[in-house]
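Here the structure comes first, spelled out in structure tokens, and everything after it is commentary.
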Amino acid sequence: MTARIIDGKIIAAELRVRVAEEVARVKRDNGLTPGLAVVLVGSDPASQVYVRSKHKQTQAAGMASFEHVLPADVAQGDLLALIAKLNRDPAVHGILVQLPLPKSLNTEAVVNAIDPAKDVDGLHPNNAGRLAGGLAALSPCTPLGCIILTKSVHASLEGMEAIVIGRSNLVGRPLVQLLLNENATVTIAHSRSRDLKQLCARADLVYAAVGRPEMVRGDWIKPGATVIDVGINRMPGAGGKDRLVGDVAFAEAQNVAGAITPVPGGVGQMTVACLLVNTLRAACAIHGLPKPAV
Numbered sequence: 001m002t003a004r005i006i007d008g009k010i011i012a013a014e015l016r017v018r019v020a021e022e023v024a025r026v027k028r029d030n031g032l033t034p035g036l037a038v039v040l041v042g043s044d045p046a047s048q049v050y051v052r053s054k055h056k057q058t059q060a061a062g063m064a065s066f067e068h069v070l071p072a073d074v075a076q077g078d079l080l081a082l083i084a085k086l087n088r089d090p091a092v093h094g095i096l097v098q099l100p101l102p103k104s105l106n107t108e109a110v111v112n113a114i115d116p117a118k119d120v121d122g123l124h125p126n127n128a129g130r131l132a133g134g135l136a137a138l139s140p141c142t143p144l145g146c147i148i149l150t151k152s153v154h155a156s157l158e159g160m161e162a163i164v165i166g167r168s169n170l171v172g173r174p175l176v177q178l179l180l181n182e183n184a185t186v187t188i189a190h191s192r193s194r195d196l197k198q199l200c201a202r203a204d205l206v207y208a209a210v211g212r213p214e215m216v217r218g219d220w221i222k223p224g225a226t227v228i229d230v231g232i233n234r235m236p237g238a239g240g241k242d243r244l245v246g247d248v249a250f251a252e253a254q255n256v257a258g259a260i261t262p263v264p265g266g267v268g269q270m271t272v273a274c275l276l277v278n279t280l281r282a283a284c285a286i287h288g289l290p291k292p293a294v
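Following this line, the structure appears as structure tokens:
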């Protein structure tokens, strides 16, 4: 058996089309243009690539895109002043500060300064707490993408056994809450969990977000399980070039799983598309409009 490949590129493209349709409807019916502000501190090449992609896709969806690039040595107070200004700006419905920030800045203070209603990264404690309480909240984009990819295979996740390997605030913890909201039975595990192989072997749904290259082996996977690989790790490849691998040993798992995401081309494609979803949802919520159909 060879697993079905869950093509994040195609699913993300379909989602972006639906977002663009909803943006056009909201503009037409309510005169509202959702706006996303992205703040980039410093000149990290990977972050620059992400920010360019976000800017391009935001505009393609018919939204307003605002970019703020600050030097790496920006003072904490100046960054907080910019966030306060964006919080007050009626044209901005989503604020994203590109992480990681330089070590000279207090990331927690910066995240906490963002208006929770505009926190499209879903990292503000208000949103994290609401999500944990099963209440409506803006949730982090990567876990949201994981759920959408899973539902491209299974219409309902109700009663399914899921394991989330990884407990970060950005992926693991919010993903557990989203799975609980789908009525899945969830185990949260991590690199220090005992008998991780046995825990995995029970799961219908495996989410690997632990940041260790190819840690999850093929013989850990229950035959026919759906595997969502969140990891992106650089490894030495042929000819001195780096290659990207996930947290799952893809070639091994592909022979056992029912469906699996590739790296690259899986979860990463969904993150920016879900950022657009969150910006649209935030704009509608701020203006008291019904939740959009995405």
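Just so we're aligned, residue 1 is where the sequence shown starts under full-length UniProt numbering, counting upward by one.
For every residue, glycine included, the Cβ atom is placed at its ideal position computed from N, Cα and C.
*Round the Cβ separation of A225 and A257 to the nearest angstrom and send it over; I've been treating them as touching at under 8 Å.*
A Cβ-Cβ distance of about 5 Å is found for the pair A225 and A257, placing them in contact under the 8 Å criterion.
Pop quiz: R16 and Q57 are said to be a contact at Cβ under 8 Å. What is the actual Cβ separation, rounded to whole angstroms?
7 Å
task = Going by DSSP, name the residue or residues bridged to V41.
result = When DSSP reads this structure, V41 sits in a beta bridge with L70.
Which one or two residues does DSSP pair with P236 in a beta bridge? D242
For G77, name the three-state secondary structure that DSSP assigns. helix
Which residue comes first and which comes last in the alpha helix (DSSP H) that contains V163?
A small correction: the amino acid at residue 163 is Ile; Val does not occupy that position in the sequence shown. Note, I163: premise wrong, no alpha helix (DSSP H); beta strand (DSSP E) at E161 to I165.
*Starting from the Cα of L102, find the closest Cα among D73, R25 and L80 and give me that residue.*
It is worth fixing the name first, because residue 102 is Pro in this sequence and not Leu. The candidate whose alpha carbon is nearest that of P102 is D73.
Open item on the list: Assuming N29 is part of the alpha helix (DSSP H), what are its boundary residues?
Closed with: Here the sequence assigns Asp to residue 29, which means Asn is not the residue at that position. Start and end: G8 to N30.
(Q) What does the alpha-carbon distance come out to for the pair V51 and V38? (A) Approximately 7 Å between the Cα atoms of the pair.
(request) Reducing DSSP to helix, strand and coil, say where V263 ends up. (result) coil
Can you give me the C-alpha to C-alpha distance between G35 and A91, rounded to a whole angstrom? 6 Å
Which residues mark the beginning and the end of the beta strand (DSSP E) in which A113 is found? It is not in any beta strand (DSSP E) - A113 instead sits in the alpha helix (DSSP H) that spans T107 to A113.
When DSSP builds the beta bridges, which residues end up paired with T187? I163
### CB of D242 within 8 Å of CB of G211, strictly
The Cβ atoms of D242 and G211 do not sit closer than 8 Å to each other.
query = Mind checking V49: buried by the 16 CB within 10 Å criterion, or exposed?
reply = exposed
- Based on Cα-Cα distance, which residue from V69, R217 and N233 lies nearest to F250? R217
Starting from L131, follow its DSSP beta bridges and name the residues at the other end.
In the DSSP assignment, L131 is bridged to no other residue.
| task | Could you tell me if G237 is buried or exposed, where buried requires 16 or more neighbouring beta carbons within 10 angstroms of its beta carbon? | result | That one is exposed.
Quick one: what's got a C-beta closer than 7 Å to A117's C-beta in the same chain, skipping five residues either side? If we look at A117 and ignore the five residues flanking it on each side, its Cβ neighbours are A282, A285 and I286.
- Query: Taking the DSSP output, what are the residues bridged to S65?
  - Reply: L36
Checklist entry - Would you say P140 and P100 are within 8 Å of each other, going by their C-beta atoms? => result Contact flag unset, no.
Q) Can you check whether the CB of V272 is closer than 8 Å to the CB of K54? A) yes
Note to self: Using the three-state DSSP reduction, which class does L96 fall into: helix, strand or coil?
What the structure shows: strand
Inset, instruction - Would you give the residue range spanned by the alpha helix (DSSP H) that T2 belongs to? - result: From DSSP, T2 is part of no alpha helix (DSSP H); its letter is neither H nor E.
- Query: With distances taken from CA atoms, which of K291, G166, M270 and K222 is nearest G8?
  - Reply: M270
Give the straight-line distance between the Cα atoms of I114 and H124, rounded to the nearest whole angstrom.
-> 7 Å
Under the assumption that H166 contacts N183 (Cβ atoms under 8 Å), give the Cβ distance between them as a whole number of angstroms.
In the sequence on display, residue 166 carries Gly and not His. The Cβ separation is near 22 Å, so there is no contact.
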